[in-house]
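In case it helps, UniProt numbering puts the sequence shown at residues 1 to 148.
Presented below is the structure to which this report refers.
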Amino acid sequence: MALPEIILPKWMAKIGTKLPGKPPRFVLVSVLNTMLKKGLLPADMELFAGRKFEIEVLDAGIKVRFSADTEKFLDDNFSGAPDLRLAANGIDFMRMMMREEDPDTLFFNRKLQIEGDTELGLITKNLLDSVEWPFSEWFLKRSTSTLD
1 MALPEIILPK WMAKIGTKLP GKPPRFVLVS VLNTMLKKGL LPADMELFAG
51 RKFEIEVLDA GIKVRFSADT EKFLDDNFSG APDLRLAANG IDFMRMMMRE
101 EDPDTLFFNR KLQIEGDTEL GLITKNLLDS VEWPFSEWFL KRSTSTLD
């Protein structure tokens, strides 16, 4: 079942920009590292070592910045420009994680912004496309049952 086109109201993004970045950053980094340890994230960490990332959920006003070393992702709110920035509305990130849309389609339809190092962007985009997100089926069942 396809996810509905849901874009949060603009006032929510205004609130989101005022919230601290530590909680979503901690959650994202913890999930990525857990998936890495369990072999669910087929990442060659050498490719990400020393790199700075920014993921922005546009309609929620949430911006998460983190980095990586040779072994794991780091809860690091760096300053300056990221090496790679990914930005999209929340529903489009969900579509990507649930494999309803692939990153290329979202990018070419201007629903996914990828900025920064081109090679790092391709590696990251391909990694995102290859991951079987363990919670996606649960989320789909849960979200569609609340819409009925």
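We put the CB at the ideal spot given by N, CA and C, even for glycine.
Thinking C-alpha only, which one of M98, F53 and D69 is nearest F78?
Position 78 of the sequence shown, counting from 1, holds the residue named residue 78. For the residues M98, F53 and D69, the minimum Cα distance to F78 belongs to F53.
Put L74 into one of helix, strand or coil per three-state DSSP.
Here the question's residue 74 lines up with position 74 in the sequence shown. Strand, per DSSP.
Quick one: residues in its chain with C-beta nearer than 7 Å to the C-beta of F73, no 5 flanking neighbours on either side, listed in chain order?
Residue numbering aside, residue 73 sits at position 73 when the sequence shown is read from its first letter. So the qualifying residues of the chain are V29, L32, N33 and F66.
Rounded to whole angstroms, what is the Cα-Cα separation between A81 and T118?
The count along the sequence shown starts at 1 and reaches residue 81 at position 81. The count along the sequence shown starts at 1 and reaches residue 118 at position 118. Those two C-alpha atoms are separated by around 15 Å.
In three-state DSSP terms, what is S30?
Stepping through the sequence shown from its first residue, residue 30 is reached at position 30. Note: S30 maps to helix in three-state DSSP.
Would you check if the distance between the CB atom of E56 and the CB atom of R25 is smaller than 8 Å?
One-based indexing of the sequence shown puts residue 56 at position 56. One-based indexing of the sequence shown puts residue 25 at position 25. Going by C-beta atoms, E56 is not nearer than 8 Å to R25.
Taking a contact to mean a Cβ-Cβ separation below 8 Å, would you say L128 touches P103 in this structure?
In the sequence shown, counting from the first residue as 1, residue 128 sits at position 128. In the sequence shown, counting from the first residue as 1, residue 103 sits at position 103. Yes.
Output the distance between the C-alpha atoms of P4 and I91, rounded to the nearest integer angstrom.
Taking the sequence shown and counting its residues from 1, the one referred to as residue 4 is at position 4. Taking the sequence shown and counting its residues from 1, the one referred to as residue 91 is at position 91. If you take the alpha carbons of P4 and I91, they lie about 8 Å apart.
Relative to the C-alpha of A68, which residue among L112, G16, L36 and I15 is closest?
One-based indexing of the sequence shown puts residue 68 at position 68. Among L112, G16, L36 and I15, the Cα nearest to that of A68 belongs to L36.
To test your reading of the DSSP string, which unbroken alpha helix (DSSP H) runs of 4 or more residues are found completely within the UniProt domain "SCP2" (41 to 129)?
Qualifying alpha helix (DSSP H) stretches, in chain order: 90 to 97 and 103 to 108.
Just reading off the alpha helix (DSSP H) that K14 is part of, what are its end residues?
The sequence position of residue 14 within the sequence shown is 14, counting from 1. Per DSSP, K14 belongs to the alpha helix (DSSP H) from K10 to K18.
So, is V27 buried or exposed, given that buried needs 16 or more other C-beta atoms within 10 angstroms?
In the sequence shown, the residue the question calls residue 27 occupies position 27. The residue in question, V27, is exposed, as its Cβ has fewer than 16 Cβ neighbours within 10 Å.
My output table needs one value for P4: the three-state DSSP class, helix, strand or coil.
The residue you call residue 4 lines up with position 4 of the sequence shown. DSSP places P4 in coil when its eight states are reduced to three.
Do L47 and V131 have their C-beta atoms within less than 8 Å of each other?
Position 47 of the sequence shown, counted from the first residue, corresponds to residue 47. Position 131 of the sequence shown, counted from the first residue, corresponds to residue 131. Contact flag unset, no.
Note down, in chain order, each residue of its chain lying with its Cβ closer than 6 Å to the Cβ of Q113, except the 5 sequence neighbours on either side.
Your numbering for residue 113 matches position 113 in the sequence shown. The answer, listed in chain order, is A87.
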